[in-house]
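Protein chains in written order, with the numbering used here: chain A, 155 to 475; chain B, 3 to 278; chain C, 237 to 385; chain D, 44 to 384; chain E, 542 to 1202.
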Amino acid sequence: MQRVIDKVKELLANGVADRVLAWKVGEFPYDRIPGVFKDDLDGLCYDSFSACNLSKYLINETKKDGRVLVLMKPCDSYGVNLLIKEHRIDREKIYILAVPCNCKVDIEKIKDSGIKGIIDIAEEGDVLKINTVYGQKELDRRQVLCDKCLSCQGKKHVIYDEIIEDDEQQNIEKTDRMEAVEELEAMSPEERFAFWRSELSKCIRCNACRNVCPACSCNKCIFDNTDTGVAAKSNADSFEENMFHIIRAFHVAGRCTDCGECSRVCPQNIPLHLLNRKFIKEINELYGEFQAGEDAVTTGPLTFFTMEDAEPDVVYKKGRD
Amino acid sequence: MSRNDMLIPKVAVITGITTQTPDVKTYKVNAPEGGKPFEHMPGQCAMLSIPGISEAMISITSSPTNKEYMEFSIKRCGCLTEAIHALEEGDEITVRGPLGNHFPVESELKGKDLVFIAGGIGLAPLRSVINYCLDNRDDYGEIDIVYGSRTKQDLVGFEEIQNVWAKAPNVNVYLTIDNPQEDWDGHVGFVPNYVKELNLSVDKTVLMCGPPIMIKFTLQGLIELGFTKEQIYTTMELRMKCGIGKCGRCNIGSKYVCKDGPVFRFDELDELPDEY
Amino acid sequence: MQIEENKNEEFKPCIVAFCCNWCSYAGADLAGSSRLTYPADVKIIRVPCSCRVNPLFILRAFQRGADGVIICGCHPGDCHYTTGNYYARRRMTLLFGMLDYLGIERERTRVEWVSAAEGAKFAATMSDFIDTVTKLGRNRKLRDLRCKE
Amino acid sequence: MLRLSADKLDKLFSAISDAKELYLPVEENGSSKFDKWSEETQVNLNRLNTVKSPKDLFFPQSEDLMRFKKEGKKITVDTPDENCKEFVVFGVRACDVKSIEVLDRVFLSEPVDTYYESKRKAATIVSLACSEPEESCFCNIFGIDATEPAADVSTWLADDYLYWEAKTEKGEALTESIKSVFEQAEDTSAVDAQKENVKAIIEKLPLSGLNLDYFKNNDMMDIFNSEKWDELYEACLGCGTCTFVCPTCQCYDIRDYDTGHGIVRYRCWDSCMYSDFTLMAGGQPRTTQKERFRQRFMHKLVYFPMNNDGEFSCVGCGRCVNKCPVRLNIAKVIRALGGEV
Amino acid sequence: MQRIGVFVCWCGSNIAATVDVKAVAEAAKGQPGVVFATDYQYMCSESGQTILKDAIKEYGLTGVVICSCSPRMHEATFRKAAESAGLNPYMVEIANIREQCSWIHKDMEVATEKAIILAKAAIAKVQLNKPLVAGESEVVKRALVIGGGIAGIQTALDIAEAGYKVDIVEKQPTIGGKMAQLDKTFPTLDCAACILTPKMVDVAAHENVTIYSYSEVVDVKGFVGNFTVQIKKKPRYINENLCTGCGACTEKCPMKKQPNEFNMGFDKRGAIYIPFAQAVPKLPVIDADACLMLKNGKCGLCSKICEAHAIDYTQKEEIIEERYGAIVVATGFNQIKPTQFEEYAYNTCPDVVTSLEYERLMNAAGPTKGHLQRPSDGQRPKTIVFIQCVGSRGDSCREKSYCSKICCMYTAKHAMLTKDHYPDTDIHVFYIDIRTPGKNFDEFYRRAVEQYGVDYIKGMVGKVYEENGKVMVQGSDLIDNKQITIAADMVVLASAVEPDPSARSLGTMLTASMDTNDFFTEAHAKLRPVESPTAGVFLSGMCQGPKDIPETVSQAGAAAVKVIGLLAKDKLKNNPCVAACNQSVCNGCSQCANVCPYGAITYVEKEIRTPEVREVRRVAEVNEAVCQGCGACTVTCPSSAMDLKGFTNRQIMAEVDAICR
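This is the structure:
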């Protein structure tokens, strides 16, 4: 944490950039808001709660003059590559400081464990010491990690200018990211339908998933653009819940970096990443392993083909095995 | 079935269409059973709609003194107006209103000398007031009408201006077009400049409507001439949906343009954030 | 809201077929000029190429009450535009996989490659698809109830 | 005051729903909302606030206004029935009770919105006092007493009993219809003790010290032109989460939908955070997220009070505080602009 | 809102017999925007078109829907008619109620209901049509003919004669194709070489013709009027400019044991050889697989004796790139080797030959100098059995489903020629049907039967086997209803013809569609038989389907006329149904360019002004002359900035809506 701040100070002093995009302390001890700092680094913070993916903010930041220093977690760096590949950000206008990540803590999980009225949180090793209006509580941070962290792609940064090496080695048990997808696939169609109906019917169409997504970088989304004929503001019918999420997943298919932000920000806790991961799984199985944002040049699987590609009925046959 | 809510429109039938300019048509509208869909005051608006396309706020251009029908002058500029332009006599539309406030014809304006300044389609809301004043001629003082457009062909209601207004007692009509034109022997030049040239007496009350750029420079000119903002009225247009001050999109400061407007005095506008 | 159905009435599915102009639409024409019959439940929309078919169109059809959607294009390798059907193949494979994942009957969607010379295949394919969809019954899972008469 | 044992709540619910539909906070895989009660529903009265507020019951996210049919040139308009079945909302917190008052000010002012009015008239609201406020709560700064919720009936859950007190005629009528499930509460000390306790906790909450004087005492245009907005909005994603979870946000859009056999005109929630909210063919008065962000808070903290006797259009429920994806919220805005005592 | 006119065609009884055309017109009247609807017997007729034109003027129509046959049939006709009445031709939509409705449904009620829905879909679409204006592109005034057989030669000559440059690409070392291998031609029995070789000389000598022999087309890009083609010139190891064609080298070559392809392997040639005496170009070619010098660097005899110093062992494959306005496919055919038909013993018995092999055995310039000798022992066959339809007209996977068309006639020819030379020969022909529908064809066949006494047996051959130096043919005589066995000296199989195997890959390169048998598909079976559906690609000869020489030559001429008609234009109207980018919502993400097969999308930095923004952005731009309108980009674009004119998202969704209602 202090190492990060020191490094940022050093880099700004060296003039690699005139400002830094990082996380800012907010109202509560766990609020970390994306923010830009110029000279005064007061409030700049990188810790267990800095979960927001900063990559998409670079679209707007790089429209401004000068160069911006950006702190990047491993999972967020894929988004940067994607945005560079799609010409949404100018590599020349960013200076990337790769910061290590030992998984982020999900405040909702802390609260779901019954802890209310939080005043202060201190982190000592794996222990979170939480001071609340209802007394002092303790929690093992490993039990309240963000879901997206439990199945992330690892600690590798795929793009950076400078890196702060990871010095802590925490042993966090990761889960197979396709496990939940496979569980769903194993269900009967009726069960799957029931599952997704109950999840998607919660959608309030707040667009948080879309607006936070580094792959959803359209200047104007088709669902906002009345010229497209599919624009809608609310899910006036359950069809529209399906429509929005299917099309959004399709539009980011082969581009989704699996950063997990969509599910993290969903106010209704819809596991939206399971839609994207289904596409990732299919792509990996049918067209070879592909990780969006691994680099900034490889053509995505939906703008590419081979003559030997599987026929569409492969989906159907799979279910019949 | 018949439920009374300001969001529920009435069906109206188009009973006459006049092509005013290449992109402006004026529509006579009646209730299907005859008569006007509703009564209104000069400056008020109505929500016109073709179901399935959309609804839009349009100012009522006919005067309340017209007891037979209502009129709307509509410029083709978007999806709905495009569709309205394709309508024919006998087609039905929906209309709801009256919406918004109106020019204070029965209070502040009474007995005053009035100056109407309009540009292009901006004449539509003012026409309602002008005809109202002409129909109650004794209640108002001298009337000056300054009206300009790009070309002669773009002057809305040229015939009425020439044959009715210009011939009415104690009414002065000043027309201008932006650039010289063959069949035009009148004034040439932009409205703000023309207003300055006219050297209007500063005790008059001004009612102004037109494109934002015209409003801006005319206002400057009037202030230079010695008018105060309390003497100048205008109408505003913002994106509106409900028309009754509830849906939120026309909210500026504490005002809702659809409900508290569209008619504002410039001193009132000064107190609002510049978000229009 | 429940979709109520008149049980007495024979179920006639509504099926949309997107056919590429160069192969499958011509194949459909050939089926016609060869007087090969297939049920009238399918209606064809002509598109230049199978790669023109946007997932939006497919969902739109289901929204409006289609019971099945079939996309027909040139055989892989024979695309009039060289590569179009290869892209279509990937897109539709993924989209259909997603529909299946959401629990929507996979059999309601199909891709077939039908050349201009395969009038018989076109007719047979349509008959078979209509048959499949008829057995599935009305599309309930992916339709907009507002559009129900 | 009446009471019934907390383990007999189901009896109460079934008694209410015998006569009227009953809506109450329901837990539903990872989220919560006011939903219709049945014996299977997962009622959760411990959760402080539902994700979606009870405004949905009066002003649904999407609501059909009318249907048009066209035959040849003829248009007919068909509107839904004005009458609404009577229903009861149970478990509304003090902040949400207040939010309904805020909505009333909008929808019941002239011209009255009859769609809202009919549902509002049909509803009997049973509030539930807070027993465990959280750090995101700041209703107190708007003069709301979380321990004394208003509404038709006020209730308290204390010491394994639900205490019940009718406050209005509607409340009395409801109580009368189900009085057999209650017993008289001779001793209400448990309620008093809870009130004391909760008030003390509220004092300690981090946001309870927020100060609204800045918004009360400064000129609208000065607040509007504050430089603070520039850094406040920076992280805003422009999503609609805050507006959609907000119990008082009431902006809406009206759209037409062609069903193929008629046009449905419906309204749905809209958000001033969306770029297309004010977009029109001729221009966009609020071109950047800064203006949109500012509008939302100016409306809640300045414009609305100007038109409504100084009442703010925020009730301190904390939903936006908890749900903003990037943790921007009205508390931060109040503090940044106006500070605290 | 458009003002739409709907015109329902009866197509005589083709539509009207199963579709209630009046009901369709009536239903159309109720649709939004429809101001006029009518029906007529033949909309495509002149008076039908007049009705259309008059209505456009009278009702001020801005959109037209014709409910008729397939748009592939008459869309152009109606567009032209609308245009002449002052309507933009792209404001016309066709509802296909014939091929896709009246012809496939029998029930009037069902067909009418469907026709109404199809009409509604077309009306919904035309509501959203926008007038489109076609751009223009230049025509490269040069044609390419792929294949140098009689079809290719004739096409090239005709094009060249009209004054246009034309290139022939022939994969063999010489042009001439199959016809050069033939002896006499039916039904007039004139000598193939006598009529073909002068044409070969003519085409080679023509100033407008360039022949790339021993060459193949390896890549085709572009579109009608402007194809860019890569031609691979295989190394001949002969300097064409120096070689005099004296043939001395071929005599000295020590590797004289190579089977001679021209003579169907009945004799041998050297490693360096001239395919046949009248080859054009008359240049030798070195068979790299056989040549000692090329294989292991030893020998070089030919080089030593060549006085012109024309031998060049170092020659490499060469790629030539050339631009063409039109391409003619004349890739011809092969006769299948009936190896998988064991019942005919072709594999085991040398005296069972195919008819093309028999052709060489009869030819005066052939391996036997025209003396008929059976391959096994060189004896003159006294009894010959001809078997028809070998591998044709079958249903099994080893057989072709089609009739090879030429066999009946050439077998009659073979029988008569054989009898002419050796009147004592017994000739039996097993046939299924005899098909002789050509000018003087049936007379020709009857001569064989009546004058020459050829024994025609209607029936199938079950088995051919060798026994005591005879080839036994066991078959059934369907007329006498008995099994017969003939002890023959020789058996000739009329095995099926099939398209040259190179056609398949060429079809892919040209994006020209093919049928399941790999014959190229014509744009219309009757009305456009020499054009491929791919604009600018024409078909000549057997590559389109089995045909005889006169048919081939007439099709070759017809293809030439089509090419000439194309090359005569300076500019071509482009298809205006191309992609267009709504730059105000374009993200500049480059995904569309990735999927564009034509490289039609480029990116520019451009100032974008909308009510919301004013900024310089990277946005896509479509080169309308290059875009062919496939629409791949439109689906790739997540913001729907890319749309396809004439097939916009809104239009297609409107059709969907209309159909699903």
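C-beta: ideal position from N, C-alpha, C; glycine also.
Short of 8 Å Cβ to Cβ, which residues in the stretch 388 to 403 of chain A face chain C?
Listed by position, the residues of the stretch 388 to 403 of chain A near chain C (Cβ gap below 8 Å) are ALA390, ASP391, SER392, PHE393, GLU394, ASN396, MET397, ILE400, ILE401 and ALA403.
For ASP561(E) and GLU650(E), I'd like the C-alpha separation in whole angstroms.
The residue labelled residue 561(E) in the question sits at position 20 within the fifth sequence. The residue labelled residue 650(E) in the question sits at position 109 within the fifth sequence. Each residue's Cα considered, the two are about 8 Å apart.
Give me the chain A residues within the contact set of ALA761(E), using Cβ-Cβ distance strictly less than 8 Å, ordered along the chain.
As a working note, residue 761(E) is residue 220 in the fifth sequence. This sequence places Val at residue 761(E); Ala is not what is there. Under the 8 Å cutoff, chain A gives no residues; its nearest Cβ is about 17 Å from VAL761(E).
Would you say ILE244(D) lies against chain A (beta-carbon separation less than 8 Å)?
For the purposes of this step, residue 244(D) is taken as residue 201 along the fourth sequence, with counting starting at 1. Chain A, which has a Cβ nearer than 8 Å to the Cβ of ILE244(D), makes this yes.
Quick check: TYR232(A) and GLY447(A), are their CB atoms within less than 8 Å of each other?
On the first sequence, residue 232(A) is found 78 positions in, with the first residue counted as 1. On the first sequence, residue 447(A) is found 293 positions in, with the first residue counted as 1. Their beta carbons are under 8 Å apart, which means TYR232(A) touches GLY447(A) by this criterion.
So, is GLY353(D) buried or exposed, given that buried needs 16 or more other C-beta atoms within 10 angstroms?
Residue 353(D) sits at position 310 when you count from the first residue of the fourth sequence. The residue is exposed, with fewer than 16 neighbouring Cβ atoms inside 10 Å.
Exposed or buried, ALA253(C), counting other C-beta atoms within 10 Å across all chains shown (16 or more means buried)?
The residue labelled residue 253(C) in the question sits at position 17 within the third sequence. Classification for ALA253(C): buried.
Output needed for CYS294(D): all residues of its chain with C-beta closer than 8 Å, excluding positions within five of it in sequence on either side, in chain order.
As a position in the fourth sequence, residue 294(D) is number 251, starting the count at 1. Excluding sequence neighbours, CYS294(D) sits near THR286, TRP312, ASP313, SER314, CYS315 and PHE320.
For the stretch 440 to 460 of chain A, which residues have a CB atom closer than 8 Å to at least one CB atom of chain E, in sequence order?
Those residues of the stretch 440 to 460 of chain A that come within reach of chain E (Cβ to Cβ, closer than 8 Å) are THR453, GLY454, LEU456, THR457 and PHE458.
According to DSSP, is ALA568(E) helix, strand or coil?
For this step, residue 568(E) is matched to residue 27 along the fifth sequence. In the structure shown, ALA568(E) sits in a helix (DSSP, three-state: H, G or I).
Given that a residue counts as buried once 16 or more other Cβ atoms are within 10 Å of its Cβ, and exposed if not, what is MET155(A)?
For the purposes of this step, residue 155(A) is identified with residue 1 of the first sequence, where counting begins at 1. That one is exposed.
Within 8 Å of any Cβ in chain D, is that where the Cβ of VAL13(B) sits?
Here residue 13(B) refers to the residue found at position 11 of the second sequence. Output row for VAL13(B): interface = yes.
If you compare alpha carbons, which of GLY718(E), LYS774(E) and SER945(E) is closest to LYS740(E)?
Taking the first residue of the fifth sequence as position 1, residue 740(E) is located at position 199. Of the listed residues, the one whose Cα sits closest to LYS740(E) is GLY718(E).
Does any CB atom of chain D fall closer than 8 Å to the CB of ARG683(E)?
Taking the first residue of the fifth sequence as position 1, residue 683(E) is located at position 142. No, because no Cβ of chain D sits closer than 8 Å to the Cβ of ARG683(E).
Against ASN268(D), what residues of chain A qualify as contacts under a CB-to-CB distance less than 8 Å, listed in chain order?
Numbered from 1 along the fourth sequence, position 225 holds the residue referred to as residue 268(D). None at all; the shortest Cβ gap to chain A is about 21 Å.
Using the DSSP secondary-structure output, state which residues sit across from SER51(B) in a beta bridge.
The sequence position of residue 51(B) within the second sequence is 49, counting from 1. In the DSSP output, where bridge partners are listed per residue, SER51(B) has GLU57(B) and THR96(B).
Do we get a CB-CB distance below 8 Å when we pair THR1052(E) with the residues of chain A?
Start at 1 with the first residue of the fifth sequence, and residue 1052(E) comes out as number 511. Taking Cβ atoms only, chain A never reaches closer than 8 Å to THR1052(E), which makes this a no.
Nearest-angstrom Cα distance between VAL369(D) and ALA340(A)?
Within the fourth sequence, numbered from 1, the residue matching residue 369(D) stands at position 326. Within the first sequence, numbered from 1, the residue matching residue 340(A) stands at position 186. One C-alpha to the other measures close to 35 Å.
Pull up the distance between the alpha-carbon of VAL1136(E) and that of GLU1162(E), whole angstroms please.
The residue labelled residue 1136(E) in the question sits at position 595 within the fifth sequence. The residue labelled residue 1162(E) in the question sits at position 621 within the fifth sequence. Taking the straight line from one Cα to the other gives about 14 Å.
With three or more beta-carbon pairs closer than 8 Å as the criterion, would you say the stretch 330 to 346 of chain C touches the stretch 256 to 263 of chain C?
Contact fails: fewer than three Cβ-Cβ distances are below 8 Å.
Is it true that the stretch 230 to 250 of chain D meets the stretch 197 to 210 of chain D, where meeting means three or more beta-carbon pairs spaced less than 8 Å apart?
With the cut-off at 8 Å, the stretch 230 to 250 of chain D and the stretch 197 to 210 of chain D touch.
Rounded to whole angstroms, what is the Cα-Cα separation between ILE815(E) and MET461(A)?
Along the fifth sequence, one-based indexing puts residue 815(E) at 274. Along the first sequence, one-based indexing puts residue 461(A) at 307. Roughly 40 Å separates the two Cα atoms.
With distances taken Cα to Cα, identify the nearest neighbour of LEU335(C) among PHE247(C), ILE366(C), SER351(C) and VAL305(C).
Here the question's residue 335(C) lines up with position 99 in the third sequence. Here the closest residue by C-alpha is VAL305(C).
For ARG474(A) and ASP467(A), I'd like the C-alpha separation in whole angstroms.
Locating residue 474(A) in the first sequence gives position 320, where the first residue counts as 1. Locating residue 467(A) in the first sequence gives position 313, where the first residue counts as 1. Model confidence at ARG474(A) stands at a pLDDT of 49, short of 50, so the residue's coordinates are unreliable; what they give is reported in the following sentence. Looking at the two C-alpha atoms, the distance is approximately 11 Å.
Would MET542(E) count as contacting chain B if we go by Cβ distances under 8 Å?
On the fifth sequence, residue 542(E) is found 1 positions in, with the first residue counted as 1. With 8 Å as the cut-off, MET542(E) counts as an interface residue toward chain B.
Rounded to whole angstroms, what's the CA-CA distance from GLU184(B) to PHE118(B)? Just pull it up for me.
Start at 1 with the first residue of the second sequence, and residue 184(B) comes out as number 182. Start at 1 with the first residue of the second sequence, and residue 118(B) comes out as number 116. Near 27 Å, if we compare the C-alpha coordinates of PHE118(B) and GLU184(B).
Flag this pair as yes or no: are the beta carbons of LEU47(D) and VAL224(D) separated by less than 8 Å?
In the fourth sequence, residue 47(D) corresponds to position 4, counting from 1. In the fourth sequence, residue 224(D) corresponds to position 181, counting from 1. A contact, by the Cβ cut-off of 8 Å.
Could you list which residues in chain E have their beta carbon closer than 7 Å to that of LYS374(A), in chain order?
Residue mapping note: residue 374(A) aligns to position 220 of the first sequence, counting from 1. Simply VAL1126 and SER1180.
Taking 7 Å as the limit between beta carbons, can you name the residues of its chain near ILE694(E), skipping five residues before and five after?
To locate residue 694(E), count along the fifth sequence from 1; it is residue 153. Taken in chain order, the residues that qualify are ILE716, LYS740, MET741 and VAL744.
When DSSP labels each residue in this structure, what does TYR951(E) get in the three-state scheme?
For this step, residue 951(E) is matched to residue 410 along the fifth sequence. It is helical.
Among residues of its own chain, excluding the 5 on either side of ASP731(E), which ones have a beta-carbon nearer than 8 Å to its beta-carbon?
For the purposes of this step, residue 731(E) is taken as residue 190 along the fifth sequence, with counting starting at 1. Closer than 8 Å at Cβ, skipping near neighbours: LYS725.
Here's the rule I'm using: 16 or more other beta-carbon atoms within 10 Å means buried, otherwise exposed. How should GLY279(A) be labelled?
The count along the first sequence starts at 1 and reaches residue 279(A) at position 125. Flag for GLY279(A) reads exposed.
Which chain E residues sit within Cβ distance under 7 Å of THR330(D)?
In the fourth sequence, counting from the first residue as 1, residue 330(D) sits at position 287. Ordered by position in chain E, the residues that pass the 7 Å Cβ test against THR330(D) are GLU1153.
Mind checking which residues open and close the alpha helix (DSSP H) that includes PHE458(A)?
Start at 1 with the first residue of the first sequence, and residue 458(A) comes out as number 304. Looking at the DSSP string, PHE458(A) is not in any alpha helix (DSSP H), and its letter there is neither H nor E.
Can you check whether the CB of GLY866(E) is closer than 8 Å to the CB of VAL990(E)?
On the fifth sequence, position 449 is the one that residue 990(E) refers to. On the fifth sequence, position 325 is the one that residue 866(E) refers to. Result no, Cβ atoms of VAL990(E) and GLY866(E) do not sit closer than 8 Å.
What does the Cβ neighbour count give for SER625(E), buried or exposed, with the cut at 16 atoms within 10 Å?
The residue you call residue 625(E) lines up with position 84 of the fifth sequence. Looking at its Cβ environment, which holds fewer than 16 other Cβ atoms inside 10 Å, SER625(E) is exposed.
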